[in-house]
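In my numbering, the protein residues as written are 503 to 813.
One structure is given here, and the rest of the page talks about it.
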Amino acid sequence: MTVIPTKTSLGLSSRLVNGILAIKPLANFAKTRARNMMINRAEALGVPWRKNLEQLSERNWEREWDAVVNRQLQYPEYYVTSFHAYPEGNLSWKAAWEVESAAYAVHAKIWQEAGIKGDAKLRQSYHQVLQEQLTSKPATIVDLGCGVGMSTLTLQDIYPQAQITGIDLSPYFLAVASYRASQASTKAQNINWLNVAAEATGLPDNSCDLVSACLVFHELPATAAQNIILEARRILRPGGHLAIMDMNPQSEQFLKMPSYILTLLKSTEPYLDQYFGLDIEKTLVKLGFSTPTITCNSPRHRTIIAKIASI
């Protein structure tokens, strides 16, 4: 595991891609192309994308939906946009039903030998950093942007004694997360799912030991990212940690990415430039954390762990 710097800047290639995506027909074409490539890749790897979608779409989701939906929630403006080639973004059943298949497809090429086990290996690499750097096991964990619970359930596996809360803006995703938890261990069925914004959790001050954000920050504009860090600072106990695992803008894979692949990626990730341009180390220190450790945990991902700064 290697400590890395965090400086980054947008190059000519990125600016050209942004110009292409500003043309709506080209942007729509890129989104469709990216989606089709992902589905075909998944099926070629042995992930039954279409079959999984069919099975989940045939379920009655009323019970899970009613258990998690926050009908008073007002969605932040940045969230009500197209993500991952879905016009409704994360606020749709189809997006929720396809998340797991998409994760297996996207992460299959991180390590050439891993195939569809790449997603599990990526999460394991994140957990290895957590276990190496956290001196004590967290008793209470908040998983921000938990999606359909893939990150939450794996955190429960490595910290089975912990009380865990999964937070996400999408009630569709949380309904699937609740369903997946009901299929897992008895302990996982006790995970608390909250349909709230990560920047306004409503949780008490100083109420948790670890705030985790797994593959979330690349989907945030810079202002939202800073607000979420502030919220994590508020809910963490003295000595608590914030852990962020996400794309590494300085990785060789991203720096050498062909323009057409970058176009497809950016077409599905509206805030990628802001994420790549955010100096996460300076931001964390400015917002009340000690200088973080930044560790490469895959050829294209990094884990950032920051502790609340001493007063």
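We put the beta carbon where it would ideally sit given N, CA and C, even for glycine.
Considering Cα atoms alone, identify which of Ser-603, Thr-725, Gln-614, Ile-643 is closest to Asn-708. The option with the nearest alpha carbon to Asn-708 is Ile-643.
Determine the extent of the alpha helix (DSSP H) in which Pro-673 is found, giving its start and end residues. Unbroken alpha helix (DSSP H) run through Pro-673: 673-685.
Would you check if the region 782-795 and the region 661-678 touch, i.e. whether three or more CB-CB distances between them fall below 8 Å? no
How big is the Cα-Cα spacing for Ile-826 and Asn-554? The requested residue 826 is not part of the displayed model; the chain covers only 503 to 813.
Test item: CB-CB of Ser-680 and Trp-695 under 8 Å: Against a cut-off of 8 Å, the Cβ pair of Trp-695 and Ser-680 comes out as a contact.
What residues in its chain sit with their C-beta under 6 Å from that of Ile-660, if we drop five residues either side in the sequence? His-629
Apply the 10 Å Cβ neighbour rule to Tyr-777 and answer buried if 16 or more other Cβ atoms are within range, or exposed otherwise. buried
State the Cα-Cα distance for the pair Ala-745 and Ala-808, rounded to the nearest angstrom. 7 Å
So His-629 is in the alpha helix (DSSP H); what residue range does that whole segment cover? 620-635
If you draw a straight line from the C-alpha of Arg-735 to the C-alpha of Ile-810, how long is it? If I take the Cα positions, the gap works out to 7 Å.
Once you ignore the five residues that flank Glu-602 on each side, which residues in its own chain have a CB closer than 8 Å to its CB? For Glu-602, where only same-chain residues beyond five positions count, the Cβ hits under 8 Å are Asn-554, Val-650, Met-652.
Any contact of the region 622-637 with the region 794-803, i.e. 3+ C-beta pairs under 8 Å? yes
CB contact flag (Leu-624, Ser-753, <8 Å): no
What is the DSSP secondary structure of Lys-611, reduced to helix, strand or coil? helix
Going along the chain, which residues of its own chain have a beta-carbon closer than 7 Å to the beta-carbon of Ser-684, five neighbours each way excluded? Gln-691
First and last residue of the beta strand (DSSP E) that includes Trp-695? DSSP places Trp-695 inside the beta strand (DSSP E), whose first and last residues are 694-696.
Can you tell me whether Leu-555 is helix, strand or coil according to DSSP? helix
Roughly how far, in whole angstroms, is the beta-carbon of Ala-702 from the beta-carbon of Glu-733, given that I think they are within contact range, below 8 Å? 7 Å
Any idea if Ala-546 is buried or exposed, counting beta-carbon neighbours within 10 angstroms, 16 or more meaning buried? exposed
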